[in-house]
Amino acid sequence: MADLGHQLISVFFGYFAIMNPLANTAVFVGLTDGLGNTARRHIATRALALTFGIVFVFAALGKTIFHFFGVGLPALRLTGGVLVFIIGYQMLHGEGSKMHSSGDVDNDADDNLAVSPLAVPLLAGPGTIATTMSFAAQGGWMNVSVTVAVFALMCLLTWVCFVYGERLLERIGTSALQIVTRLMGLILAVIGAQMLIDGVRGAFALAGVD
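So for the sequence shown, our numbering puts the first residue at -18; every next one is plus one.
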């Protein structure tokens, strides 16, 4: 039970840091500026439904994907660790990650906006996918179930932030948002470093090096 609780906390904070609902809410509000509440709700719902679907596929089929491409878990942890560390490093310095960038968008195309840039790459970017596969591949279906359940909760939390984004940002303020972003960046950098350490250990173990 203690291990399950530790895993739930680790996965939750990992996802919270990399998805950063508060910072992404600021992006969402900017992208949907001028749209009505109904349109914003529709875009938020579609974007997060697509995000959950993408992450669910990678969580459920992570090991199958490994076997298909001949990729081992240490390689994923090394690559994912680099990606997550870079995102965290950029956030720690107050920069938006280029791997989770919104880019230019046409606000008139609501469905296109929900798909890109919101679902991909803002929410289900390389860092999110790498984190998902790393969490889910650590064990059996229990790990997959915990990963999917926690990510579903994170999607719901992000949806609430998006729908009530303007009021939320007014209460938080720009300074507090920057502080939260930097804290999330620090957490991500630490998670990325741990993934790298685990990846190196796994690679040495496969090579038979003590």
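Virtual Cβ for every residue (Gly too), placed ideally from N, Cα, C. Since the model is a prediction, treat every value here as computed from it, not as a measurement.
Opening and closing residue of the alpha helix (DSSP H) in which residue i lies
i           : result
residue 2   : 2 to 12
residue 105 : Run containing residue 105: none; DSSP gives neither H nor E here.
residue 181 : 155 to 188
residue 61  : 54 to 73
residue 31  : 18 to 41
residue 101 : First-last for residue 101: undefined, no H or E at that position.
residue 96  : Segment: none, residue 96 is in no alpha helix (DSSP H) and carries neither H nor E.
residue 130 : 122 to 144
Own chain partners of residue i with C-beta closer than 7 angstroms, once the 5 adjacent residues on each side are dropped
i           : result
residue 60  : 111
residue 124 : 116, 117
Closest residue to residue i among the options (Cα-Cα distance)
i           : options            : result
residue 74  : 144, 127, 169, 149 : 169
residue 105 : 22, 37, 12, 178    : 37
residue 6   : 33, 137, 178, 167  : 137
residue 12  : 92, 184, 121       : 92
residue 26  : 140, 185, 157      : 140
residue 108 : 150, 49, 166, 28   : 166
residue 129 : 30, 24, -16, 23    : 30
residue 41  : 48, -9, 122        : 122
residue 97  : 28, -12, 174       : 28
residue 142 : 50, 175, -3, 48    : -3
Close beta carbons around residue i, own chain, < 6 angstroms, minus the five adjacent residues each side
i           : result
residue 192 : Beyond the ends of the chain as shown, which are -18 and 191, falls residue 192; an answer cannot be given.
residue -5  : 112, 172
residue 35  : 105
residue 179 : 58
residue 144 : 22, 25
Whether residue i touches residue j by CB criterion (9 angstroms)
i           : j           : result
residue 1   : residue 72  : yes
residue -7  : residue 99  : no
residue 68  : residue -1  : yes
residue 162 : residue 3   : yes
residue 183 : residue 21  : no
residue 16  : residue 127 : no
residue 43  : residue 187 : no
Residues near residue i by beta carbon distance below 8 angstroms, same chain, minus five either side
i           : result
residue 33  : 132, 133, 136
residue 181 : 55, 59
residue 177 : 58, 59, 62, 63, 66
Residue i CB to nearest heavy atom of the ligand ADP below 8 angstroms
i           : result
residue 156 : Among the components modelled here there is no ligand, and therefore nothing to report on the ligand ADP.
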